[in-house]
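First comes the structure, then the notes that go with it.
Residue numbers (this note's numbering), protein chains in the order written: chain A, 194 to 306; chain B, 194 to 306.
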């Protein structure tokens, strides 16, 4: 029995260049959990440099930064999501839920393959 | 003013490998119009070999072929869509219309970027 599935992906582009999508959602979520770009990069099997470049891009190319350096305190620094970063995760997640629900309702296309 | 947009893409995978998506939809549609794999390949700026390999994959990896050789007659051969091929174009098109309509309704995510 063959495994057949419908895959849906969604990205936000700015000036024709990818700005946000599944990879950055994962990175943002992992930074939110760990408070650390290094830990998030490691969890994704990605170099720190690549993760940092993504964070820098997310912080500079949009209207407002998605991430911000956390000030010292008990945990001694780290990185956290801005209000915009949180809203991005929430709205992108909602959008993906809706898209996946459309895909589920149209599963009969798989009967053709 | 930056150009901001939401991009949605959809593919059908068989056993974890792409079987149908935007590129093959275009190829299938162009073969349907022209009756020719060579003309369709040229229109897409793709080598004949690559187009032929895609056609072969679409004809062998699913349940039924999506394309079939047209028998001689006035037009002297060529390639045409099978009933399954036509249904695939129609249903994939419908699915993409629905996905794009969800994206349009959720355009407010672009206010974040």
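A virtual CB, placed ideally from N, CA and C, is assigned to each residue, including glycine. Computed from a predicted model, the values in this text were never measured in an experiment.
query                                                                                                                       : result
Within-7 Å CB hit, residue 299 (chain B) to chain A                                                                         : yes
The stretch 275-300 of chain A: positions lying closer than 8 Å to chain B by Cβ                                            : 277, 280, 281, 284, 285, 287, 288, 291, 292, 295, 296, 299
Among B:296, B:232, B:283, the one whose alpha carbon lies nearest that of residue 259 (chain B)                            : B:283
Residues bridged to residue 210 (chain A) (per DSSP)                                                                        : A:207
DSSP-derived helix/strand/coil call for residue 263 (chain B)                                                               : coil
Test: residue 199 (chain B) CB closer than 7 Å to a CB of chain A                                                           : yes
Neighbour flag for residue 216 (chain B) against chain A, beta carbons, 7 Å                                                 : no
Residue burial classification, residue 241 (chain B) (beta-carbon count within 10 angstroms, cutoff 16)                     : exposed
Residue 202 (chain B) - DSSP class collapsed to helix/strand/coil                                                           : strand
Terminal residues of the beta strand (DSSP E) in which residue 272 (chain B) lies                                           : 272-274
Residues that residue 338 (chain B) bridges to, as DSSP identifies them                                                     : Since the first residue shown for chain B is 194 and the last is 306, residue 338 (chain B) is missing from the structure and cannot be characterised.
Secondary structure of residue 306 (chain B), DSSP reduced to three states                                                  : coil
Alpha helix (DSSP H) segment containing residue 232 (chain B), residue limits                                               : 230-236
Where residue 206 (chain A) meets chain B, residues with beta-carbon distance less than 9 Å                                 : 196, 197, 198, 199, 200
Simplified DSSP assignment, three categories, for residue 255 (chain A)                                                     : coil
Cβ separation of residue 200 (chain B) and residue 250 (chain A), assumed to be a contact under 8 Å, to the nearest whole Å : With 8 Å as the limit, residue 200 (chain B) and residue 250 (chain A) do not qualify as a contact, their Cβ atoms being about 17 Å apart.
Any C-beta of chain A under 7 Å from that of residue 255 (chain B)                                                          : yes
Cα-Cα separation between residue 277 (chain B) and residue 252 (chain B), rounded to whole angstroms                        : 10 Å
Nearest residue (CA-CA) to residue 229 (chain A), options A:281, A:195, A:247, A:271                                        : A:271
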